[in-house]
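Below is one structure, written out as structure tokens; the observations come after it.
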Amino acid sequence: MLQDKNPAKTDLSKLGEFGLIEAITKDVSLKNPSTIKGVGDDAAVMSYQDKLALASTDLLVEGVHFDLAYFPLKHLGYKAAVVNFSDIYAMNGMATQLLNGLAVSNRFPLEAIEEIYEGIKLACRIYDVDLVGGDTTSSRSGLILAPTALGVVPKGKEVYRSGAKPNDLIVVTGDLGAAYMGLLVLQRENEVFKVNPQHQPDLSPYAYVVERQLKPEARRDIIKILDELKVLPTAMIDISDGLSSEIMHITHQSGVGAQIYAEKIPIDPQTVLTAEEFNISELTAALNGGEDYELLFTISQKDYEKIQYRKEFAVIGHITEEPGDFLITQDNQKIALKAQGWNALKNKPSQK
Ligand code: ADP
Ligand code: MG
106 MLQDKNPAKT
116 DLSKLGEFGL
126 IEAITKDVSL
136 KNPSTIKGVG
146 DDAAVMSYQD
156 KLALASTDLL
166 VEGVHFDLAY
176 FPLKHLGYKA
186 AVVNFSDIYA
196 MNGMATQLLN
206 GLAVSNRFPL
216 EAIEEIYEGI
226 KLACRIYDVD
236 LVGGDTTSSR
246 SGLILAPTAL
256 GVVPKGKEVY
266 RSGAKPNDLI
276 VVTGDLGAAY
286 MGLLVLQREN
296 EVFKVNPQHQ
306 PDLSPYAYVV
316 ERQLKPEARR
326 DIIKILDELK
336 VLPTAMIDIS
346 DGLSSEIMHI
356 THQSGVGAQI
366 YAEKIPIDPQ
376 TVLTAEEFNI
386 SELTAALNGG
396 EDYELLFTIS
406 QKDYEKIQYR
416 KEFAVIGHIT
426 EEPGDFLITQ
436 DNQKIALKAQ
446 GWNALKNKPS
456 QK
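In short: position in the sequence shown from 1, add 105, done, that's this note's numbering.
This is the structure we're talking about:
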């Protein structure tokens with residue numbers, strides 16, 4: 106239903122692998138001084154001088170991670186790139202290069218692949234990343250995208266999941282749960298569309314949550330702000346799977362525990378309204394929904410005053426010496442966080 110309509114259809118089998126590679130990479134330009142050689146040789150060449158090099162990859166498989174019935178191809182390419190940049194920012198680094206592996210079946214015409222690459226290239230332009238290579242092959246089943254992002258971080262500025270200390274503050278950026286609610290809206294509309302193809306969904310009341318699902322942004326801005334504020338987080342991770350499991354990654358790897366406060370978790374009003382409509386708690390969406398691509402980090406208490414008036418940040422709790430990860434609800438109950446399927450509040454009236 107949201108699919109970009111492109112009337113032209115060029116058969117991939119007529120084009121061949123090299124024709125396809127040429128078509129999708131011919132207009133790629135290079136911006137980063139660290140990129141010495143991009144597309145066109147057996148390997149890309151980079152030089153990061155005295156910085157640490159970062160690399161991260163995330164597979165995206167049709168039917169597992171996305172459904173083309175409601176995911177426009179250009180958005181898919183954009184999201185594939187951005188979620189990989191997000192992993193680099195989560196190390197406190199800057200993304201500089203992207204390679205993309207691509208497996209396609211012949212049911213896709215050239216124009217569909219070009220749409221995916223329009224999204225990838227747009228993300229690269231916006232985030233100042235050079236597309237320097239990839240691989241292309243055929244697939245007998247669905248579409249597979251395998252992007253790899255490379256990046257840099259100055260030595261000594263790298264931030265791992267493992268550095269959180271007792272009494273550190275737990276901070277999140279932006280707001281949580283919206284991308285998950287957007288997914289539920291898109292899935293619902295898709296079901297309606299299957300039964301009634303004339304159905305024209307009005308997604309305007311859900312514009313924000315749907316955009317958070319279809320066009321997520323990675324928080325490069327936060328890495329710059331932290332640097333300006335001279336705040337070096339003690340631990341950091343990006344929120345791809347939901348707040349609960351990300352907190353637990355930090356606490357497990359740091360050998361500490363955590364307490365977070367339900368009322369402090371930033372949730373957009375549209376997420377709250379949509380969650381009410383779906384009869385789930387917005388807190389469940391924030392804790393378990395995932396795909397928000399916000400940053401979750403811990404800071405030493407002495408850094409609190411540097412961030413306290415910044416609207417980008419919400420302090421949601423603190424690290425404890427005792428292991429164990431807990432949510433303190435508004436009525437002061439202490440509930441153990443679960444990595445997945447934390448649904449104690451599911452199907453109950455909203456906590457608000
Ligand atoms: P090789 O045989 O050495 O693997 P290829 O013919 O696969 O080389 O690729 C030629 C060039 O095109 C390489 O620089 C490669 O990185 C790039 N490339 C291939 N597929 C893609 C793709 N899907 N996206 C971006 N670059 C690609
Ligand atoms: Mg190859």
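Ideal Cβ placement from N, Cα and C applies to all residues, glycine included. Since this is a predicted model, take the numbers as computed values, not measurements.
Here's the rule I'm using: 16 or more other beta-carbon atoms within 10 Å means buried, otherwise exposed. How should residue i be labelled?
i: T339; result: buried
i: D155; result: exposed
i: P271; result: exposed
i: D326; result: exposed
i: H180; result: buried
i: W447; result: For W447, the pLDDT reaches just 37, beneath the cut-off of 50, and the residue's location in the model is therefore unreliable, leaving the point undetermined.
i: E387; result: buried
i: D240; result: exposed
i: R317; result: buried
i: G121; result: exposed
i: K184; result: buried
i: P310; result: exposed
i: V209; result: buried
i: K457; result: Residue placement at K457 is poorly supported in this model, since its pLDDT is 31, which falls under 50; the coordinates are not used for a value here.
i: S304; result: Per the sequence presented here, residue 304 reads as His, with Ser not at that position. Burial call: exposed.
i: P302; result: exposed
i: V300; result: exposed
i: G124; result: exposed
i: E426; result: exposed
i: E333; result: exposed
i: N137; result: buried
i: G168; result: exposed
i: V297; result: exposed
i: L450; result: Because L450 sits at a pLDDT of 41, beneath the cut-off of 50, its placement in the model cannot be relied upon, and the following sentence gives the value as read from the coordinates. Result: buried.
i: D192; result: buried
Report the residue from the options whose alpha carbon sits nearest the alpha carbon of residue i.
i: L159; options: V169, V257, S246; result: V257
i: D233; options: S243, V315, S139; result: S139
i: D430; options: K136, L227, I275; result: I275
i: H313; options: D373, L203, S191, G206; result: Checking the sequence shown, residue 313 turns out to be Tyr, not His. Closest by alpha carbon: D373.
i: A128; options: E167, E220, A186, D172; result: E220
i: A283; options: P371, A174, I404; result: P371
i: L165; options: S191, G206, L250; result: L250
i: T278; options: F298, Q303, I412, S210; result: I412
i: Q364; options: A269, K136, P321; result: A269
i: K226; options: E296, L204, G247, S243; result: L204
i: N384; options: G224, S244, L289, H304; result: L289
i: T376; options: K119, P252, M286, E216; result: M286
i: V237; options: L392, F418, A148; result: A148
i: G224; options: V133, I330, G145; result: V133
i: S161; options: L378, A367, Q202; result: Q202
i: L331; options: E167, A186, E410, Y366; result: E410
i: Y366; options: L442, V336, I328; result: L442
i: D146; options: I126, N137, Y153; result: I126
i: N437; options: G395, S243, E368, L308; result: E368
i: A419; options: E216, S405, D280, I218; result: D280
i: Q358; options: V336, T403, K335, A217; result: T403
Apart from the five residues just before and just after residue i, which ones in its own chain have a Cβ nearer than 7 angstroms to its Cβ?
i: I342; result: A195, R266, E351, H354, I355, L401
i: A444; result: S349, S350, M353
i: K439; result: F431, I433
i: Y222; result: I129, G182
i: V150; result: I141, K142
i: L135; result: G143, D235
i: Q108; result: Below a pLDDT of 50, predicted positions are generally treated as unreliable, and Q108, at 47, falls in that range; the measurement from the model is reported next regardless. Contacts found: P177.
i: A186; result: L203, I225, A228, C229, P252
i: R245; result: S210
i: G347; result: L392, N393, G394, G395
Ordered along the chain, which non-local residues of its own chain (more than five positions away) have a Cβ less than 6 angstroms from that of residue i?
i: P214; result: K114, T115
i: K453; result: Annotation note: pLDDT 37 at K453 (below 50); position unreliable, coordinate value reported separately. Answer for K453: no residue qualifies.
i: I344; result: E351, D397, E399, L401
i: F190; result: A200, Y232, A254, A323
i: V188; result: D163
i: S118; result: N211
i: N295; result: A174, Y175
Please go through the same chain and pick out, in chain order, the residues whose beta-carbon is closer than 8 angstroms to the beta-carbon of residue i, but skip the five residues on each side of it.
i: P428; result: T356, G360, V361, G362
i: L157; result: G198, V257, V258, P259, K260, E263
i: K320; result: H180, Y183, K184
Bridge partners for residue i per DSSP, in chain order?
i: K142; result: V150
i: P252; result: N205
i: A419; result: V277
i: L432; result: I365, I440
i: F171; result: E167
i: M341; result: F402
i: I424; result: A363
i: A158; result: V257
i: G238; result: L204
i: S243; result: V209
i: M199; result: V257
Please confirm whether residue i has its beta-carbon closer than 7 angstroms to some beta-carbon of chain B.
i: R317; result: Although the question refers to chain B, the structure presented lacks it and comprises just one protein chain.
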